[in-house]
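Let me begin by presenting the structure, written as structure tokens, before commenting on it.
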Ligand SMILES: Nc1nc2c(ncn2[C@@H]2O[C@H](COP(=O)(O)OP(=O)(O)OP(=O)(O)O)[C@@H](O)[C@H]2O)c(=O)[nH]1
Ligand SMILES: [Mg+2]
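Residue numbers (the working numbering), protein chains in the order written: chain A, 86 to 259; chain B, 3 to 599.
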């Protein structure tokens, strides 16, 4: 079976841990327990009749703007960029983080998850913000760890991208 | 080509006059050199063209280097600096290629030197341990003796009980699991997660505590579980050990990791999540699944058990010794019993710690318990079962004869084989009885009484007193002829004996004559010997007369030093030479007495 390391990237409290929990164990909690260091989970799924095991590295969101710990993302085959749709700052942070990771790992697959889509009243992003990213070729998914909206899809998109790249192998050195 | 012609050629394109001249020269050269000139030109062109020159040198470079190195090390010296610089630059730029290249080489070299140092250290520890004498070390000593291994080895084994339960081969970069094996007894849970988590922990520590990038988390402990991590350039090897991890596990891990790097270097470099090809590392990883379970059995023997065992051994030893001791005592006892006259051992028996001795015992024989020794007899708890019998040993025959005949003092008894010889004087009646009774003595078949003289009671008294007086010796001080002290006090007793002799002699109607014989030691002249011995005899005679005995009874003889005492030997013995002795004669029996010279 193919294994792939995937990172959950995004600033604090955007719902990285919640998304993983929803995806892996179909559970959700309103309680906020910040992640220290890194938490690891795994999920097996099938992409194009091929089984793939995703090792999900749920990183702690940094308090500082646009901070990333390179040692954690090293060796990742892709990442889920998470932001909180009710916090504009987290959206900009995500874009910044993407830049940083590309600098470390090169162009590897990623998916942008704009989370907490159930909180439509507090929504802080405009359609144009999202469209701008899509125009650059980004894959953006609106998710909610609470309702489960878009969660499966976000991970599935990421896995598909990764497997596509896997079958047209290109070596990368860190 | 000379520098001169070179500068000349360069001038071609600058000066139009010179150009004309050159063309003429050219023609001249053609005429002079013909075809050779063309070749010369071609060679020139080739040398001027840098690619051509490079190719030219490349052709001969390997051979040139080889030749140079055969000759001397000038080339090496010349290149040294460059090579060093190149290495430095390479490491500065990216250390990985060099690390990759050197990793399989450096590991073994370092390990070898470490092993040697450790071996020395271990030796020291061995000696230390060997001198300690705990109960445990005694047990280990016993184990070493029992199994034929070195003591130090046993100590190691016993102090290092462990089991490597799992081994993880992990891609260093992604934390993805390359291969995982576990021992039969281990309970494994999601090795993929463990693998990622182990890597994450590493990263977490490196990140949080700002440690050197080259350093890594090497060991984690949780209760009796230890996780050891060995880092390679591409992969890391983690093992989970229950118990005390032995020192050599690190070495095994390092070797394993090196081997895997060597064999699977391509697969490691191009790893992209497909761990299939790393199943091949299983045999190598299995080397790490060490355990020390086999000695556990021995280890679990508790000190109490050993104590009990030891006590049992002591008791066994004691018992065996007792058994042996009894056996030895019993054998000595039997030896003594068999040799003892008057005892005939017919059968012996050992029954439940008791000994039974059966046989025959002469009533005159010693008590068998006394023969064996009272203490031993009691220890052995011997029961005697003797039947009475009559032993025919000369000793017993004699005893029996004395019992049966009860001879008077004046008779002597000799037994020769089965013959009893009686001599001396005895009353006629006793002689008659003795002749009859002797036949009742077991072991005696005939009796010889020819030397036996019949005597009446007073005669017996006479002979008894005669024998007494003749065995009496009076001793004198050196150079003295008079008696002193105890010797002088014996006179009254002698007087009474002589009076009895006189009376009995009278009863026998015989005349008594007592010869008093004086002796001297061998000091001085013969003359002085005679004088002093006579003086001593006269002194005694005078003393007896003074006590009321008639002088007619006595005669004196000076023996000088001619008859030294048979008892006197050596220096102190001379005391016995200075003496007076007696001889008793009946006048009409003078022929029976040895004449005195
Ligand atoms: N309403 C709503 N709340 C969410 C959603 N996702 C997460 N939350 C809440 O947001 C808070 C933070 O969620 P986490 O998943 O812990 O956030 P995180 O990104 O892991 O945070 P760090 O570990 O601190 O970086 C929690 O109280 C969650 O209940 C969502 O989709 N909808
Ligand atoms: Mg979290």
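Just so it is clear, CB atoms sit at the ideal spot from N, CA and C, and this is done for glycine as well.
Backbone CA spacing between residue i and residue j [nearest angstrom]
i                      : j                      : result
residue 552 of chain B : residue 478 of chain B : 24 Å
residue 96 of chain A  : residue 198 of chain A : 12 Å
residue 250 of chain A : residue 71 of chain B  : 51 Å
residue 174 of chain A : residue 227 of chain A : 17 Å
residue 2 of chain B   : residue 262 of chain B : What is shown of chain B runs 3 to 599, which leaves residue 2 of chain B out entirely.
residue 86 of chain B  : residue 103 of chain A : 55 Å
residue 153 of chain B : residue 319 of chain B : 26 Å
residue 100 of chain A : residue 200 of chain A : 7 Å
residue 246 of chain B : residue 165 of chain B : 8 Å
residue 20 of chain B  : residue 78 of chain B  : 49 Å
residue 525 of chain B : residue 480 of chain B : 10 Å
residue 311 of chain B : residue 139 of chain B : 16 Å
residue 128 of chain A : residue 88 of chain A  : 10 Å
residue 13 of chain B  : residue 22 of chain B  : Summary for residue 13 of chain B: the model assigns pLDDT 43, below 50, so the residue's position carries little reliability, and this model does not support an answer.
residue 470 of chain B : residue 349 of chain B : 51 Å
residue 577 of chain B : residue 556 of chain B : 25 Å
residue 431 of chain B : residue 410 of chain B : 12 Å
residue 299 of chain B : residue 309 of chain B : In this prediction, residue 299 of chain B has a pLDDT of 40, which is less than 50 and means its spatial position is unreliable; nothing more can be read from the coordinates.
residue 112 of chain A : residue 203 of chain A : 16 Å
residue 375 of chain B : residue 568 of chain B : 39 Å
residue 146 of chain A : residue 220 of chain A : 27 Å
residue 74 of chain A  : residue 142 of chain A : Lying outside 86 to 259, the shown extent of chain A, residue 74 of chain A is not represented and no answer is given.
residue 212 of chain A : residue 242 of chain A : 21 Å
residue 239 of chain A : residue 283 of chain B : 36 Å
residue 451 of chain B : residue 544 of chain B : 42 Å
Where the alpha helix (DSSP H) containing residue i begins and where it ends
i                      : result
residue 201 of chain B : 193–211
residue 250 of chain B : 250–265
residue 407 of chain B : 396–407
residue 208 of chain A : Note, residue 208 of chain A: premise wrong, no alpha helix (DSSP H); not H, not E.
residue 181 of chain A : 173–190
residue 434 of chain B : 430–439
residue 85 of chain B  : 76–95
Sub-8 Å separation of residue i and residue j beta-carbons
i                      : j                      : result
residue 357 of chain B : residue 385 of chain B : yes
residue 47 of chain A  : residue 118 of chain A : Residue 47 of chain A lies beyond the stretch modelled for chain A, which goes from 86 to 259, so this question has no answer here.
residue 231 of chain B : residue 292 of chain B : no
residue 116 of chain B : residue 288 of chain B : no
residue 513 of chain B : residue 463 of chain B : no
residue 228 of chain B : residue 220 of chain B : no
residue 437 of chain B : residue 425 of chain B : no
residue 107 of chain B : residue 235 of chain B : no
residue 169 of chain A : residue 230 of chain A : no
residue 364 of chain B : residue 393 of chain B : yes
residue 2 of chain B   : residue 417 of chain B : Outside the shown range of chain B, which is 3 to 599, sits residue 2 of chain B, and nothing can be said about it.
residue 521 of chain B : residue 586 of chain B : no
residue 202 of chain B : residue 222 of chain A : no
Range of the contiguous beta strand (DSSP E) that encloses residue i
i                      : result
residue 346 of chain B : 345–353
residue 390 of chain B : 384–391
residue 418 of chain B : 413–418
residue 116 of chain A : From DSSP, residue 116 of chain A is part of no beta strand (DSSP E); its letter is neither H nor E.
residue 231 of chain A : Looking at the DSSP string, residue 231 of chain A is not in any beta strand (DSSP E), and its letter there is neither H nor E.
residue 505 of chain B : Element bounds for residue 505 of chain B: not the beta strand (DSSP E) but the alpha helix (DSSP H), 493–509.
residue 168 of chain A : 163–169
residue 131 of chain A : 123–132
residue 39 of chain B  : It is not in any beta strand (DSSP E) - residue 39 of chain B instead sits in the alpha helix (DSSP H) that spans 37–50.
residue 175 of chain B : Neither: residue 175 of chain B is in no beta strand (DSSP E) and is coded neither H nor E.
residue 515 of chain B : 514–520
residue 140 of chain A : 135–144
Cβ distance (whole Å) where residue i is taken to contact residue j below 8 Å
i                      : j                      : result
residue 538 of chain B : residue 483 of chain B : 5 Å
residue 237 of chain B : residue 172 of chain B : 6 Å
residue 269 of chain B : residue 140 of chain A : The Cβ separation is near 19 Å, so there is no contact.
residue 218 of chain A : residue 196 of chain A : Going by Cβ atoms, the distance from residue 218 of chain A to residue 196 of chain A rounds to 11 Å, so no, they are not a contact pair.
residue 429 of chain B : residue 403 of chain B : Between residue 403 of chain B and residue 429 of chain B the Cβ distance is about 18 Å, and since that is not below 8 Å, they are no contact.
residue 239 of chain B : residue 259 of chain B : 5 Å
residue 185 of chain A : residue 153 of chain A : 5 Å
residue 443 of chain B : residue 406 of chain B : 6 Å
residue 395 of chain B : residue 422 of chain B : At roughly 15 Å, the Cβ-Cβ gap does not stay under 8 Å, so residue 395 of chain B and residue 422 of chain B are not in contact.
In chain order, what are the residues with a CB under 7 Å from some non-hydrogen atom of ligand 2? A/101, A/102, A/119, A/120, A/124, A/143, A/145 and A/146
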